[in-house]
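>
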Amino acid sequence: MFERFAQAIKSGDTLVVPYRQESSLLFVAVEGNVLPGANKACYLNFHFSKRDSTPNPPKGSFQRNLLEDRQLYQRIAENFPRGTIDVLDSTFHYIYTEGTEYNKLKIDPATLIGTCHLDLIHGDSLEAAQAHLTQVLKGEMVTYETTIWNNTYQSNAVPLRNENKEIDHILLVHQNITNAKKLEAEREVLIKDLESHNEELLRFAYIVSHNLRAPIVNISLLLDLYNEKNPADAENQEVIENLKVSTNLLNATLQDLIEVVSIKKQKIPKVELINFHLLLNNIEKSLFNQLKESGIKIHKDLSALSEMNYVYAHLENFFMNFLTNSVKYKHPDRTPEVWIKTYKSKEYCVIEFRDNGIGLDLERYGDRLFGLYQRFHNHVEGKGMGLYLVREQIRSNDGKIEISSKVGEGLAFTLYLRNLIG
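Note that the sequence shown covers residues 1 to 422 in the numbering used here.
Here you go:
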């Protein structure tokens, strides 16, 4: 503002500026002259006078345009939903600002006149906003997002030129898009959930068409081979034995599907305060023979988080799966070891489980790791259900699981679990 005063005095112009006093807008004329001082110094002598009405400033000047356009800006600002209309000078200070957004935020726009727009912006948005506004001073029109007053705004900025066709001001229009961004984020989550559900439906369709169809076809063929006229036929006994195998396979597949569906349908089951020391001791007792035979060493660091509120059966299942897998897929050239660590991280209770087994090629199998009936090593028995159930149980309580692994170096799981309220 001082620089504009000085420039007007040097050019002999009368500068008229808008000045806010509480809720009213006044117009002040600024005149003056240059006073010489000692040692080649000079002083600017200012004279301020209130104007009851807007005078006619020099033809084509920015001040005249601003004052003439003020009513237009004000009409737009009053009807612009959740937004503001701003005019900034070349140093990004407010010359004019109005908008319905100030009513929502209970901010008096008059307090912003003369302040720097960039002072309102913090964090990553500050550098980006400064870069965009600098582009505008070079003649570009820009659109960008910025964060002010803990809200997200879409900002549109255009250059304003003076009578010499020089860009010395910026017209800036903000619109609050916080709710729109929130809805967009929720929509993306919903789309991901729908995609995930569609993938699971396709997997279920595959299971029904293959895992169920095969034993049913076998049962049908075996029944055709059964000699009903002569039940004492010696071949009937073999048919019955094969029928038992097929029905057991069919029953096992149905039980797997029932377990998966039950996880999807159930609400949060019984939540209790679980001590990790007691939980792991109970699991080691349950797997005593298996762990002893493998010679596995278990290292535990539970000092940062010794207990949490969760579903006991779920935590038990997580550790059961990880420990048994570490035994199954141990490296043949070294003693198997696992490291278990628990701690807090923001809103999560974190469990890290790491072993030194044979590991897994994540580039090759990573996208299938948590799939239903997925197996990647054929030298040990398994159905490929364990990790799928672990992931679904974690998801059911708004948690997440991450994995890292290198072939020959072992595998690590990181579980991020919500501390549930019992």
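Positions of the beta carbon are idealized from the N, C-alpha and C atoms, including for glycine.
Please read these numbers as outputs of a predicted model, since none were measured by experiment.
1. Near Val-390, which residues of its chain fall below 6 Å by C-beta distance, leaving aside the five closest residues on each side in sequence?
2. For a test of the three-state rule: what should DSSP assign to Arg-213, helix, strand or coil?
3. Just tell me which of Val-350, Lys-104 and Ile-216 has its CA closest to the CA of Leu-302.
4. Tell me where the alpha helix (DSSP H) around Ala-128 begins and ends.
5. Contact check, Ile-296 vs Pro-336 under 8 Å by CB: the rounded distance?
6. Quick check on Lys-346: does DSSP put it in helix, strand or coil?
7. Over what stretch of residues does the beta strand (DSSP E) that includes Ile-148 continue unbroken?
8. Less than 7 Å between the beta carbons of Gly-357 and Val-407, yes or no?
9. Indicate whether Leu-212 and Thr-247 have their beta-carbon atoms separated by less than 7 Å.
10. Going by C-alpha distance, which of Leu-133, Ile-107, Ser-306 and Ala-232 is nearest Thr-433?
11. Name the two residues that bound the continuous alpha helix (DSSP H) containing Leu-118.
12. If you run the structure through DSSP and keep just helix, strand and coil, what is Thr-84?
13. Under 7 Å, do His-169 and Gly-83 count as touching if we go by C-beta distance?
14. Is the stretch 412-421 touching the stretch 390-401, taking contact as three or more C-beta pairs under 8 Å?
15. Mind checking who Gln-175 pairs with in its DSSP beta bridge?
16. Quick check on Pro-159: does DSSP put it in helix, strand or coil?
17. Take every Cβ of the stretch 99-107, pair it with every Cβ of the stretch 119-136, and state whether three or more of those distances are shorter than 8 Å.
18. State the Cα-Cα distance for the pair Gln-237 and Ile-421, rounded to the nearest angstrom.
19. Following the continuous alpha helix (DSSP H) through Lys-400, name the residue where it begins and the one where it ends.
20. Consult DSSP for His-93 and reduce its assignment to one of helix, strand or coil.
21. Measure the alpha-carbon distance for Asp-89 versus Lys-138 and round it to whole angstroms.
22. May I have a chain-ordered list of the beta strand (DSSP E) segments no shorter than 3 residues that lie completely inside the stretch 264-310?
23. Quick one: Cα of Ile-403 to Cα of Asn-309, how far?
24. Could you spell out where the beta strand (DSSP E) holding Ala-412 opens and where it closes?
25. How big is the Cα-Cα spacing for Asn-242 and Arg-354?
26. Beta-carbon within less than 7 Å of Ile-148's beta-carbon, same chain only, minus the 5 sequence neighbours each way: which residues are those?
27. Here's a check: name, in chain order, each residue in its chain whose Cβ is nearer than 7 Å to the Cβ of Glu-316, leaving out the five neighbours to either side.
28. Excluding the 5 residues preceding and the 5 following Arg-161 in the sequence, name in chain order all residues of the same chain whose CB lies nearer than 6 Å to its CB.
29. Which residues mark the beginning and the end of the alpha helix (DSSP H) in which Leu-315 is found?
30. First and last residue of the alpha helix (DSSP H) that includes Lys-104?
31. Check Asp-224 in the structure and name its three-state DSSP category.
Taking the structure as given:
1. Counting only Cβ-Cβ distances below 6 Å, and skipping sequence neighbours, we find Phe-318 and Asn-321.
2. helix
3. Val-350
4. Where Ala-128 is concerned, the enclosing alpha helix (DSSP H) stretches over 124-137.
5. 4 Å
6. coil
7. Where Ile-148 is concerned, the enclosing beta strand (DSSP E) stretches over 142-148.
8. no
9. no
10. Since the first residue of the chain shown is 1 and the last is 422, residue 433 is not available in this structure.
11. Per DSSP, Leu-118 lies in no alpha helix (DSSP H) segment and is marked neither H nor E.
12. Secondary structure of Thr-84 (DSSP, three-state): strand.
13. no
14. yes
15. Gly-83 and Gln-154
16. strand
17. no
18. Straight-line Cα distance between these residues: approximately 56 Å.
19. Unbroken run through Lys-400 is the beta strand (DSSP E), 400-406; no alpha helix (DSSP H).
20. strand
21. Across the structure, Asp-89 and Lys-138 are spaced so that their CA atoms are roughly 13 Å apart.
22. DSSP runs (the beta strand (DSSP E)) wholly in the stretch 264-310: 272-275, 297-301 and 307-310.
23. 24 Å
24. 410-418
25. 42 Å
26. Leu-120 and Ile-121
27. Cβ-Cβ distances below 7 Å link Glu-316 to Leu-279 and Ile-283 in the same chain, with the five nearest sequence neighbours on each side left out; the list follows chain order.
28. Ile-167
29. 312-328
30. 100-105
31. helix
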